[in-house]
Each structure stands twice: as C-alpha cells, then as structure tokens.
Amino acid sequence: MSGLHDLIAANRAWAEGVKASDPEFFARLCDQQQPEYLWIGCSDSRVPANQIVGLLPGEIFVHRNVGNLVHQTDLNCLAVLQFAVEVLQVRHVIVCGHYGCGAVQAVLDGRPLGLIDNWLRNIEILYRRCPQLDELPAGERLDALCEHNVRAQVQAVCDTTVLRAAWARGQDVTVHGWIYGIANGLVKDLAVSCAGPEDRNRLCVQHLALE
Ligand code: CO
C-alpha cells in the first residue's frame with residue numbers, strides 16, 4: 001500500500017504545483033476539452049503520450065493498447081477515433097509506435113503467450129509478408145518490423161469508416177506515423193502522413209515497395 005500512498009501524495013504535490021503556476025488551469029479544463037491531436041500508441045509504460053511531446057492535460061486525446069494496433073473490429077479503438085474526429089474535431093491522428101516494442105518482439109520470437117497471440121495476429125501476418133526482414137540482424141529486424149507496424153496501422157486508420165467519412169465530407173484531418181526511441185527519447189516521423197484518400201493510396205504503393 002505504501003506505493004499507492006506515494007502516488008496519491010505525488011498527485012497532491014503535482015496539483016498544487018500546477019495551481020501555483022496557473023491558478024485557473026483546472027477551472028479552464030472543467031469547461032471543455034479541445035485537443036488538436038489523437039494519439040494512438042503502445043501501452044508500454046516507457047511511452048507516455050503527454051510527456052513525450054510536452055503536452056498538458058487537455059491537449060491530446062489518447063488511445064493506447066499493446067502494439068499500437070488498429071483493428072477494424074476493435075470497438076474501443078474505433079469509438080475513440082470516432083469521438084476524436086467527429087466530436088472533438090481533432091486535426092491530427094498520430095499513430096506512434098516505439099523501437100524495441102515487446103509486442104513486435106513476441107511475434108518475432110514466435111513463442112505462444114496465450115490470449116494476446118490473437119491480438120498480435122496482424123503483426124504476425126505483416127511479418128510473414130516481409131520475408132526480407134529475416135535477412136537483417138536480430139536488432140535491426142525488430143526495429144524494422146516496429147516501423148513497418150506503424151505504417152500498417154496508419155493505413156488501418158485511413159481505412160476506417162471514420163476517416164473515410166471525414167475525408168468524404170471535406171474535414172481537415174491528417175493521419176501520421178511516428179516511432180519513438182526509448183533509448184534516446186526522440187520521436188521520428190516516418191513520413192507517411194495522409195491528409196486524404198489520395199495520400200493513403202500513394203502510401204499503399206510505397207508500402208508495397210518496401211516489402
Ligand atoms: Co510496445
């Protein structure tokens with residue numbers, strides 16, 4: 001319990017600190033949230049969305065799961081995406097993976113882990129489609145598949161009914177693919193941003209060229 005007590009104490013100190021530097025901060029947040037960004041990232045405890053990009057509470061809407069995956073049947077992820085795009089009107093959807101991702105490593109290891117194997121199936125399918133990855137040294141193979149997974153999830157976001165409908169009605173929303181380095185704290189833009197269906201189709205061609 002002492003660990004949890006420490007967390008509550010840290011929370012009190014944090015709230016006091018925020019109020020001391022900006023007395024109206026929490027009062028402003030009560031009115032409404034107006035984040036410009038939706039972050040779709042990995043659940044990994046080393047990749048906290050707000051801290052990495054220096055954003056305060058209220059500035060980024062966040063969805064995280066193991067492996068930063070976007071399944072077309074994941075009601076949770078789709079609901080977050082729909083709410084962010086249609087209600088909050090975010091301008092940017094950022095899929096952010098990270099190097100050394102345990103989810104991707106699990107696929108490369110091929111060792112059964114239980115229920116989560118089903119969740120990771122799409123990464124496994126991606127890996128099977130890229131036999132050239134096996135020619136790389138183990139560390140590079142992991143990082144290459146981590147990047148490849150981000151590209152695939154950017155495509156998946158673009159292919160949701162949410163993004164298709166948003167673009168069809170002319171909404172200004174762009175999907176981006178980033179990857180975070182746990183070793184240096186830096187984000188790298190994978191340059192696969194899609195601001196409409198044309199970009200998504202071009203990305204598909206680029207994607208195939210990489211395979
Ligand atoms: Co991860």
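Take this note's numbering: the last position of the sequence shown gets the number 211, and nothing is skipped along the way. Glycine included, each C-beta is placed from N, C-alpha and C at the ideal position.
Asked, Found
"The region 163 to 173 contacting the region 109 to 125, beta-carbon criterion three pairs below 8 Å", "no"
"Counted within 10 angstroms of its Cβ, other Cβ atoms place Q155 as buried (16 or more) or exposed", "buried"
"Residue from R151, P48, V107 and L142 whose Cα sits closest to the Cα of A191", "R151"
"Coil, strand or helix - N76 by DSSP", "helix"
"Nearest candidate by alpha-carbon position, reference L142, set V107, R111 and V157", "V107"
"Backbone CA spacing between N201 and R46 [nearest angstrom]", "33 Å"
"For I125, three-class secondary structure by DSSP", "helix"
"Contact under 7 Å by Cβ, L145 with V104", "yes"
"Segments assigned beta strand (DSSP E), at least 3 residues, entirely inside the region 127 to 195", "174 to 180 and 187 to 189"
"Residues that DSSP places opposite W119 in a beta bridge", "Bridge partners of W119: none, in fact."
"Near the ligand CO: C30 beta-carbon under 6 Å from a heavy atom", "no"
"According to DSSP, residues forming a beta bridge with N11", "DSSP output for N11 lists no bridge partner at all."
"Length of the line joining the Cα atoms of L198 and Q153", "The question names Leu, but residue 198 in the sequence shown is Glu. Cα-Cα distance, rounded: 17 Å."
"Check: D44 C-beta below 6 Å from any heavy atom of the ligand CO", "yes"
"The region 66 to 73 touching the region 87 to 102, judged by at least three CB pairs closer than 8 Å", "yes"
"Any non-hydrogen atom of the ligand CO within 6 Å of A183 CB", "no"
"Selected residue, minimal CA-CA separation from V173, among K19, V85, A10 and C130", "V85"
"CB of V175 within 7 Å of CB of C204, strictly", "no"
"Exposed unless 16 or more other CB atoms sit within 10 angstroms - verdict on N118", "exposed"
"Beta-carbon spacing of H63, V80 below 7 Å", "yes"
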